[in-house]
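Student:
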Amino acid sequence: MPTQQENRSNKPVRMVAVDMDGTFLNDDKTFDVERFERILTRLSRHGIYFVVASGNTYTKLRQYMHGFEHRDIIYIAENGAYLADDSGEIAVHHFAAEDLPRVYEILNGMPQLGIVVCTAESSFILENREKTVMNIIRDYFEVQGKPLPQNIDPFAFASMFYPGTERISSYEQVRGVPIKFSLQLTHRDLPDATEQLRRTLPKTVTPLVSGFGAIDLVRAGVNKATGLKDLCDRLQITPAQIVAFGDSDNDLEMLSLAGTGVAMAHASDELKTVSQRVIGSHNDGAVLDYLESMLDELDG
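As C-alpha coordinates, then:
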(Lines of atoms letter the chains of each structure in order from A and count residues from 1; the text may use other names and numbers.)
(Lines give C-alpha, C1' and ligand atoms only; values in the text may rest on other atoms or scores of the structure.)
Protein backbone atom coordinates (compact mmCIF):
# COMPACT_ATOMS: atom_id res chain seq x y z
CA MET A 1 0.00 0.00 0.00
CA PRO A 2 1.53 3.38 -1.00
CA THR A 3 2.03 5.88 1.79
CA GLN A 4 2.49 9.62 1.97
CA GLN A 5 5.03 11.05 4.40
CA GLU A 6 3.45 14.50 4.63
CA ASN A 7 0.15 15.03 6.49
CA ARG A 8 -2.35 16.04 3.84
CA SER A 9 -5.57 15.47 5.77
CA ASN A 10 -6.76 19.00 5.00
CA LYS A 11 -6.24 18.76 1.26
CA PRO A 12 -9.50 18.98 -0.75
CA VAL A 13 -8.61 16.03 -3.02
CA ARG A 14 -6.57 13.05 -1.89
CA MET A 15 -7.86 10.28 -4.14
CA VAL A 16 -9.01 9.89 -7.73
CA ALA A 17 -10.95 6.73 -8.63
CA VAL A 18 -11.76 5.84 -12.23
CA ASP A 19 -13.98 3.20 -13.78
CA MET A 20 -12.36 1.74 -16.90
CA ASP A 21 -14.78 0.59 -19.64
CA GLY A 22 -16.75 3.51 -21.01
CA THR A 23 -15.00 5.96 -18.69
CA PHE A 24 -11.19 5.97 -18.67
CA LEU A 25 -10.78 3.72 -21.71
CA ASN A 26 -12.06 4.61 -25.16
CA ASP A 27 -13.99 2.13 -27.28
CA ASP A 28 -10.71 0.59 -28.47
CA LYS A 29 -9.83 -0.19 -24.82
CA THR A 30 -6.89 2.22 -24.87
CA PHE A 31 -6.02 5.62 -23.42
CA ASP A 32 -3.49 8.38 -24.08
CA VAL A 33 -0.50 6.87 -22.29
CA GLU A 34 1.86 9.85 -22.58
CA ARG A 35 -0.78 12.26 -21.36
CA PHE A 36 -1.70 10.04 -18.46
CA GLU A 37 1.98 9.69 -17.53
CA ARG A 38 2.17 13.45 -17.05
CA ILE A 39 -1.08 13.50 -15.07
CA LEU A 40 0.00 10.64 -12.80
CA THR A 41 3.27 12.44 -12.03
CA ARG A 42 1.35 15.58 -11.10
CA LEU A 43 -1.12 13.64 -8.94
CA SER A 44 1.77 12.05 -7.07
CA ARG A 45 3.35 15.46 -6.55
CA HIS A 46 0.14 16.58 -4.82
CA GLY A 47 -0.09 13.40 -2.73
CA ILE A 48 -3.21 12.23 -4.57
CA TYR A 49 -3.73 8.48 -4.87
CA PHE A 50 -4.88 7.06 -8.22
CA VAL A 51 -7.32 4.15 -8.00
CA VAL A 52 -8.58 1.94 -10.83
CA ALA A 53 -12.07 0.72 -9.87
CA SER A 54 -13.59 -1.79 -12.26
CA GLY A 55 -15.58 -4.96 -12.70
CA ASN A 56 -12.64 -6.42 -14.61
CA THR A 57 -10.29 -8.96 -13.11
CA TYR A 58 -7.08 -7.75 -11.47
CA THR A 59 -5.05 -9.48 -14.19
CA LYS A 60 -6.94 -7.63 -16.94
CA LEU A 61 -6.55 -4.29 -15.17
CA ARG A 62 -2.80 -4.79 -14.89
CA GLN A 63 -2.77 -5.45 -18.65
CA TYR A 64 -4.57 -2.18 -19.30
CA MET A 65 -2.09 -0.33 -17.08
CA HIS A 66 1.00 -2.02 -18.50
CA GLY A 67 3.97 0.31 -18.21
CA PHE A 68 2.72 1.85 -14.98
CA GLU A 69 4.04 -0.82 -12.65
CA HIS A 70 5.52 0.54 -9.41
CA ARG A 71 3.70 3.84 -9.83
CA ASP A 72 1.59 3.38 -6.68
CA ILE A 73 -1.65 2.70 -8.55
CA ILE A 74 -4.25 0.94 -6.38
CA TYR A 75 -6.72 -1.53 -7.91
CA ILE A 76 -10.32 -2.23 -6.91
CA ALA A 77 -11.09 -5.21 -9.16
CA GLU A 78 -14.08 -7.53 -9.56
CA ASN A 79 -16.50 -4.72 -8.59
CA GLY A 80 -14.95 -4.38 -5.16
CA ALA A 81 -14.34 -8.04 -4.38
CA TYR A 82 -10.54 -7.82 -4.81
CA LEU A 83 -8.20 -5.00 -3.75
CA ALA A 84 -4.48 -4.91 -4.54
CA ASP A 85 -1.53 -2.67 -5.30
CA ASP A 86 2.07 -3.16 -6.39
CA SER A 87 2.93 -4.80 -3.07
CA GLY A 88 0.22 -7.44 -3.49
CA GLU A 89 -3.23 -8.34 -2.24
CA ILE A 90 -4.95 -5.90 0.15
CA ALA A 91 -8.39 -7.46 0.67
CA VAL A 92 -10.58 -10.24 -0.78
CA HIS A 93 -14.34 -10.72 -0.36
CA HIS A 94 -15.41 -14.30 -1.13
CA PHE A 95 -18.88 -15.74 -1.42
CA ALA A 96 -20.09 -17.70 1.59
CA ALA A 97 -19.58 -21.41 0.88
CA GLU A 98 -23.15 -22.25 1.88
CA ASP A 99 -24.54 -19.95 -0.84
CA LEU A 100 -22.67 -21.53 -3.74
CA PRO A 101 -24.87 -24.63 -4.35
CA ARG A 102 -27.94 -22.41 -4.79
CA VAL A 103 -26.04 -20.02 -7.08
CA TYR A 104 -24.85 -22.94 -9.21
CA GLU A 105 -28.41 -24.30 -9.39
CA ILE A 106 -29.82 -20.97 -10.58
CA LEU A 107 -27.11 -20.45 -13.19
CA ASN A 108 -27.53 -23.98 -14.52
CA GLY A 109 -31.20 -23.15 -15.11
CA MET A 110 -30.35 -20.11 -17.27
CA PRO A 111 -28.95 -21.50 -20.54
CA GLN A 112 -28.81 -18.03 -22.12
CA LEU A 113 -25.84 -17.10 -19.93
CA GLY A 114 -22.14 -17.39 -20.62
CA ILE A 115 -20.51 -18.02 -17.26
CA VAL A 116 -17.03 -17.12 -16.01
CA VAL A 117 -16.22 -18.00 -12.41
CA CYS A 118 -13.57 -15.72 -10.89
CA THR A 119 -11.47 -16.56 -7.85
CA ALA A 120 -8.50 -14.73 -6.37
CA GLU A 121 -6.26 -17.23 -8.18
CA SER A 122 -7.76 -17.49 -11.67
CA SER A 123 -10.87 -17.44 -13.89
CA PHE A 124 -12.81 -20.44 -15.17
CA ILE A 125 -15.25 -20.76 -18.08
CA LEU A 126 -17.79 -23.55 -18.51
CA GLU A 127 -17.22 -25.54 -21.68
CA ASN A 128 -20.87 -26.56 -22.01
CA ARG A 129 -21.81 -22.94 -22.79
CA GLU A 130 -19.80 -22.76 -26.05
CA LYS A 131 -22.86 -22.23 -28.30
CA THR A 132 -24.25 -19.65 -25.91
CA VAL A 133 -20.97 -17.74 -25.85
CA MET A 134 -20.86 -17.82 -29.66
CA ASN A 135 -24.37 -16.31 -29.85
CA ILE A 136 -23.30 -13.58 -27.42
CA ILE A 137 -20.23 -12.80 -29.52
CA ARG A 138 -22.40 -12.49 -32.65
CA ASP A 139 -24.71 -10.14 -30.77
CA TYR A 140 -21.72 -8.09 -29.57
CA PHE A 141 -20.39 -7.52 -33.09
CA GLU A 142 -23.88 -6.87 -34.43
CA VAL A 143 -24.56 -4.14 -31.89
CA GLN A 144 -21.09 -2.66 -32.50
CA GLY A 145 -21.82 -2.61 -36.23
CA LYS A 146 -18.71 -4.66 -36.95
CA PRO A 147 -18.29 -7.82 -39.05
CA LEU A 148 -17.90 -11.08 -37.17
CA PRO A 149 -14.33 -12.41 -37.58
CA GLN A 150 -14.07 -15.72 -39.41
CA ASN A 151 -13.19 -18.91 -37.53
CA ILE A 152 -13.49 -17.19 -34.18
CA ASP A 153 -12.88 -19.37 -31.12
CA PRO A 154 -15.43 -18.36 -28.46
CA PHE A 155 -13.14 -19.35 -25.60
CA ALA A 156 -10.16 -17.53 -27.07
CA PHE A 157 -12.38 -14.46 -27.46
CA ALA A 158 -13.48 -14.70 -23.83
CA SER A 159 -9.83 -14.95 -22.76
CA MET A 160 -9.24 -11.48 -24.21
CA PHE A 161 -11.39 -10.12 -21.38
CA TYR A 162 -10.43 -12.72 -18.78
CA PRO A 163 -6.70 -13.43 -19.25
CA GLY A 164 -5.57 -16.89 -18.24
CA THR A 165 -9.09 -18.29 -18.22
CA GLU A 166 -9.21 -22.06 -17.78
CA ARG A 167 -11.87 -24.29 -19.34
CA ILE A 168 -13.83 -26.48 -16.95
CA SER A 169 -16.62 -29.02 -17.40
CA SER A 170 -18.14 -28.56 -13.93
CA TYR A 171 -18.05 -26.18 -10.98
CA GLU A 172 -16.21 -28.81 -8.95
CA GLN A 173 -13.10 -27.99 -11.00
CA VAL A 174 -12.96 -24.39 -9.79
CA ARG A 175 -9.84 -23.79 -7.67
CA GLY A 176 -10.34 -21.47 -4.75
CA VAL A 177 -13.52 -19.84 -3.46
CA PRO A 178 -15.36 -17.67 -6.03
CA ILE A 179 -15.30 -13.91 -5.51
CA LYS A 180 -17.35 -13.07 -8.61
CA PHE A 181 -19.46 -14.70 -11.31
CA SER A 182 -19.23 -12.81 -14.60
CA LEU A 183 -22.29 -13.53 -16.73
CA GLN A 184 -22.44 -12.66 -20.42
CA LEU A 185 -25.63 -12.46 -22.44
CA THR A 186 -27.15 -10.68 -25.40
CA HIS A 187 -28.42 -7.15 -24.88
CA ARG A 188 -31.96 -8.44 -25.59
CA ASP A 189 -31.77 -10.95 -22.72
CA LEU A 190 -30.22 -8.52 -20.23
CA PRO A 191 -33.36 -6.97 -18.64
CA ASP A 192 -35.24 -10.25 -18.06
CA ALA A 193 -32.15 -12.09 -16.84
CA THR A 194 -31.31 -9.30 -14.40
CA GLU A 195 -34.82 -9.40 -12.96
CA GLN A 196 -34.77 -13.21 -12.69
CA LEU A 197 -31.46 -13.14 -10.83
CA ARG A 198 -32.64 -10.46 -8.42
CA ARG A 199 -35.75 -12.49 -7.70
CA THR A 200 -34.14 -15.91 -7.23
CA LEU A 201 -30.62 -15.43 -5.88
CA PRO A 202 -29.92 -15.67 -2.14
CA LYS A 203 -30.12 -12.31 -0.41
CA THR A 204 -26.40 -12.59 0.27
CA VAL A 205 -25.64 -12.38 -3.48
CA THR A 206 -26.07 -9.20 -5.54
CA PRO A 207 -26.28 -8.93 -9.37
CA LEU A 208 -24.64 -5.81 -10.81
CA VAL A 209 -25.11 -4.73 -14.43
CA SER A 210 -21.55 -4.11 -15.58
CA GLY A 211 -20.96 -2.73 -19.06
CA PHE A 212 -22.16 -4.21 -22.36
CA GLY A 213 -24.25 -7.35 -21.96
CA ALA A 214 -22.71 -8.36 -18.65
CA ILE A 215 -23.95 -9.04 -15.14
CA ASP A 216 -21.56 -9.54 -12.26
CA LEU A 217 -22.60 -11.51 -9.19
CA VAL A 218 -20.78 -10.41 -6.05
CA ARG A 219 -21.28 -10.86 -2.34
CA ALA A 220 -24.07 -8.63 -1.04
CA GLY A 221 -22.70 -5.39 0.33
CA VAL A 222 -19.60 -5.58 -1.86
CA ASN A 223 -19.17 -2.93 -4.55
CA LYS A 224 -16.68 -0.32 -5.66
CA ALA A 225 -17.73 2.00 -2.82
CA THR A 226 -16.91 -0.60 -0.18
CA GLY A 227 -13.46 -0.89 -1.74
CA LEU A 228 -13.03 2.87 -1.51
CA LYS A 229 -14.21 2.88 2.11
CA ASP A 230 -11.61 0.25 2.93
CA LEU A 231 -8.91 2.38 1.31
CA CYS A 232 -10.12 5.49 3.13
CA ASP A 233 -9.75 3.71 6.46
CA ARG A 234 -6.28 2.45 5.60
CA LEU A 235 -5.01 5.75 4.16
CA GLN A 236 -6.81 8.13 6.56
CA ILE A 237 -8.83 9.76 3.80
CA THR A 238 -12.44 10.93 4.00
CA PRO A 239 -14.93 10.19 1.19
CA ALA A 240 -15.28 13.96 0.75
CA GLN A 241 -11.68 13.96 -0.51
CA ILE A 242 -12.43 11.52 -3.36
CA VAL A 243 -13.12 12.41 -6.99
CA ALA A 244 -14.71 9.41 -8.75
CA PHE A 245 -15.60 8.86 -12.41
CA GLY A 246 -18.06 6.35 -13.86
CA ASP A 247 -20.68 5.57 -16.48
CA SER A 248 -22.59 2.41 -15.48
CA ASP A 249 -24.97 1.18 -12.80
CA ASN A 250 -22.10 -0.57 -11.02
CA ASP A 251 -20.61 2.91 -10.42
CA LEU A 252 -23.67 4.20 -8.58
CA GLU A 253 -22.46 3.52 -5.03
CA MET A 254 -18.97 4.81 -5.80
CA LEU A 255 -20.16 8.13 -7.23
CA SER A 256 -22.67 8.50 -4.39
CA LEU A 257 -19.88 8.03 -1.84
CA ALA A 258 -17.35 10.38 -3.39
CA GLY A 259 -17.22 14.04 -2.45
CA THR A 260 -17.18 14.74 -6.18
CA GLY A 261 -18.92 12.21 -8.39
CA VAL A 262 -18.33 12.70 -12.12
CA ALA A 263 -20.58 10.95 -14.64
CA MET A 264 -19.83 10.48 -18.33
CA ALA A 265 -22.11 12.05 -20.95
CA HIS A 266 -23.66 8.69 -21.89
CA ALA A 267 -24.34 7.65 -18.27
CA SER A 268 -27.85 6.85 -17.08
CA ASP A 269 -30.05 9.56 -15.62
CA GLU A 270 -29.81 7.84 -12.22
CA LEU A 271 -26.03 8.04 -12.24
CA LYS A 272 -26.09 11.67 -13.34
CA THR A 273 -28.52 12.48 -10.53
CA VAL A 274 -26.08 11.36 -7.82
CA SER A 275 -23.13 13.09 -9.50
CA GLN A 276 -21.87 16.62 -9.02
CA ARG A 277 -20.51 16.90 -12.54
CA VAL A 278 -21.27 15.49 -15.98
CA ILE A 279 -18.45 15.53 -18.50
CA GLY A 280 -17.97 14.52 -22.13
CA SER A 281 -17.15 11.29 -23.90
CA HIS A 282 -14.68 8.57 -22.96
CA ASN A 283 -13.68 8.57 -26.62
CA ASP A 284 -12.51 12.18 -26.31
CA GLY A 285 -10.40 11.78 -23.18
CA ALA A 286 -12.91 13.61 -20.97
CA VAL A 287 -11.52 12.12 -17.74
CA LEU A 288 -8.01 13.29 -18.61
CA ASP A 289 -9.40 16.73 -19.48
CA TYR A 290 -11.04 16.96 -16.05
CA LEU A 291 -7.92 15.82 -14.20
CA GLU A 292 -5.71 18.31 -16.02
CA SER A 293 -8.08 21.16 -15.16
CA MET A 294 -8.26 19.99 -11.53
CA LEU A 295 -4.47 19.87 -11.28
CA ASP A 296 -4.14 23.29 -12.89
CA GLU A 297 -6.36 24.69 -10.13
CA LEU A 298 -4.29 22.95 -7.45
CA ASP A 299 -1.09 24.29 -9.00
CA GLY A 300 -2.57 27.78 -9.11
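So the sequence shown is numbered by our numbering: it starts at 57 and just counts up by one.
Where is the CB? At the ideal position from N, CA and C, for every residue including glycine.
Note that this is a predicted model, so its numbers are computed, not measured.
(1) Counting only the same chain and skipping the five closest in sequence on each side, list residues whose C-beta sits under 8 angstroms from that of P295.
(2) Can you check whether the CB of I171 is closer than 8 angstroms to the CB of L239?
(3) For the alpha helix (DSSP H) holding M350, just list the boundary residues, first then last.
(4) Around the C-beta of L204, are 16 or more other C-beta atoms found within 10 angstroms, so that it is buried, or is it exposed?
(5) Which stretch, first to last residue, makes up the alpha helix (DSSP H) that contains F197?
(6) The alpha helix (DSSP H) spanning T262 covers which residue range?
(7) Can you tell me where the alpha helix (DSSP H) holding Q297 begins and where it ends?
(8) Out of curiosity, what's the CA-to-CA distance linking E177 and T262?
(9) Contact check, V148 vs I235 under 8 angstroms by CB: the rounded distance?
(10) Just to confirm, is the Cβ distance from I181 to A137 under 8 angstroms?
(11) Out of V299, D325, L344 and S331, state which residue places its alpha-carbon closest to the alpha-carbon of K67.
(12) To the nearest whole angstrom, what separates the beta carbons of G269 and T242, a pair I think is in contact under 8 angstroms?
(13) Of the residues Y120, D141, A276 and A133, which one's Cα is nearest the Cα of H126?
(14) What are the uninterrupted segments assigned as alpha helix (DSSP H) that are 4 or more residues long and contained completely in the region 209-236, given in chain order?
(15) In this structure, does DSSP put R275 in helix, strand or coil?
(16) Using the Cα positions of E145 and V173, report the straight-line distance between them to the nearest angstrom.
(17) From what residue to what residue does the alpha helix (DSSP H) around D286 run?
(18) Residues in its own chain within less than 6 angstroms of V151 by CB, not counting five upstream and five downstream?
(19) Starting from the C-beta of N135, find all residues in its chain whose C-beta is less than 8 angstroms away, skip the five residues before and the five after it, and write them out in chain order.
(20) Tell me the DSSP secondary structure of R70 in three-state form.
(21) In or out: D77 buried (at least 16 other Cβ within 10 Å) or exposed?
(22) Using the three-state DSSP reduction, which class does I129 fall into: helix, strand or coil?
(23) Can you say whether H360 is buried or exposed, counting buried as having 16 or more other CB atoms within 10 angstroms of its CB?
(24) Measuring straight from C-alpha to C-alpha, what distance separates D303 and M320?
(25) Alpha carbon to alpha carbon, what distance is there between Y227 and V334?
(26) If you drop the 5 nearest sequence neighbours on each side, which residues of the same chain put their C-beta closer than 7 angstroms to that of I51?
Tutor: On the basis of the supplied data:
(1) L284, K285, C288, L313, A314 and G315
(2) yes
(3) A342 to D355
(4) exposed
(5) E186 to Q200
(6) Unbroken run through T262 is the beta strand (DSSP E), V261 to V265; no alpha helix (DSSP H).
(7) From DSSP, Q297 is part of no alpha helix (DSSP H); its letter is neither H nor E.
(8) 22 angstroms
(9) 6 angstroms
(10) no
(11) V299
(12) 6 angstroms
(13) D141
(14) 210-217
(15) strand
(16) 19 angstroms
(17) K280 to L291
(18) Position check: residue 151 holds Phe in this sequence, whereas Val was assumed. Excluding positions up to five away in sequence, the list reads P234 and R275.
(19) S110, G111, K236, L264, S266, D272, V274, V278, N279, K280 and N306
(20) coil
(21) buried
(22) coil
(23) In the structure displayed, the chain extends from 57 to 356; residue 360 sits before or after that span and is not available.
(24) 5 angstroms
(25) 42 angstroms
(26) Shown here, the chain extends from 57 to 356; a query on residue 51 therefore has no answer.
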